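Numbering of the sequence shown is given in numbering that gives the first Met the number 0, commencing with residue 0 and proceeding in unit increments.
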Amino acid sequence: MTNLMIRIVTLATCSIALIAAFSFTPVVAAGGSGGIGGGGDGGATDQRSAYPPSYYPKRSGSKATHIPKAKKANQSLFDDPAFAKGYREAYATIYDRNEYAAAIEQLRSLGHDDHPNVANLIGYSYRKLGDYKLSQVWYERALKADPNHVLTWNYYGLWQIEQGNREQAEYHLSRIAAICGTDCAEYKSLAEALEKPAGTGLVY
């Protein structure tokens with residue numbers, strides 16, 4: 000009878016140990032994913048459950064494709080029909096009718112002054128009106144919203160040339176080259192402006 004009791008207790012103890020081991024194994028395996036993005040050092044803790052799924056970059060195959068948050072936000076504004084329509088109207092006011100003061104009002108009425116496209120066009124309009132101080136403020140705002148906004152680097156570079164800051168314009172040209180290379184229109188137009196003799200009136 001005693002032997003039977005010992006066997007039952009031993010069997011029960013082993014069963015409990017096995018059950019505990021199997022229930023613990025998935026937790027250990029989940030801990031070695033390398034943190035956000037996976038594939039890390041094996042010792043990091045996976046934090047994904049702490050954030051909503053939209054926080055993480057989408058995956059294409061096995062590689063993560065990352066879209067900067069600023070670009071996502073900027074693109075989503077153009078998905079708004081009212082914003083897109085207002086922006087197109089302001090764009091036409093600038094480039095088709097050259098009514099820069101009216102365009103500034105249109106752009107400000109969109110309610111998204113920190114959008115790089117909006118801020119850049121406001122800066123451009125102020126430059127065309129001859130208000131270089133306000134123009135600079137808006138170019139800086141555009142680059143703060145998106146440091147890789149290539150058209151702002153281009154327009155701001157032209158601003159630098161008009162102010163006689165050719166070295167600064169060269170820096171802007173190098174930033175454009177780093178973003179889109181030397182074959183893009185923004186690089187070519189600023190490079191062409193830099194080739195002109197100092198004091199030449201720009202038509203941009």
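A virtual CB, placed ideally from N, CA and C, is assigned to each residue, including glycine. These numbers come from a predicted model, not from an experiment.
Query, Result
"Using CA atoms only, rank isn't needed, just tell me which of Ala190, Glu166, Leu128, Arg165 is closest to Ala176.", "Ala190"
"What residue range does the alpha helix (DSSP H) around Pro115 cover?", "115-127"
"Cα separation between Asp130 and Pro80?", "31 Å"
"By a C-beta neighbour count over all protein chains shown, 10 Å radius and 16 as the cutoff for buried, is Ser124 buried or exposed?", "buried"
"By how many angstroms is the C-alpha of Thr92 removed from the C-alpha of Asn83?", "Per the sequence shown, the amino acid found at residue 83 is Ala instead of Asn. Each residue's alpha carbon lies about 14 Å from the other."
"Which stretch, first to last residue, makes up the alpha helix (DSSP H) that contains Asn153?", "149-161"
"Looking at the secondary structure, which residues open and close the alpha helix (DSSP H) in which Lys195 lies?", "Counting along the chain, Lys195 falls outside any alpha helix (DSSP H), and DSSP gives it neither H nor E."
"By DSSP, does Pro146 sit in helix, in strand, or in coil?", "coil"
"Report the rounded CA-to-CA distance for Ala192 versus Glu161, giving the unit in angstroms.", "10 Å"
"For the alpha helix (DSSP H) containing Asn92, list its first residue and its last residue.", "What sits at residue 92 in the sequence shown is Thr, not Asn. Where Thr92 is concerned, the enclosing alpha helix (DSSP H) stretches over 80-94."
"What is the C-beta distance between Tyr186 and Trp158, in whole angstroms, given that I count them as a contact (C-beta under 8 Å)?", "Not really, about 16 Å apart at Cβ, beyond 8 Å."
"Once the 5 residues before and after Lys195 are set aside, which same chain residues still bring their CB inside 6 Å of it?", "none"
"Given a cut-off of 7 Å, decide if Gln105 and Ala118 are closer than it, judged by their beta-carbon atoms.", "no"
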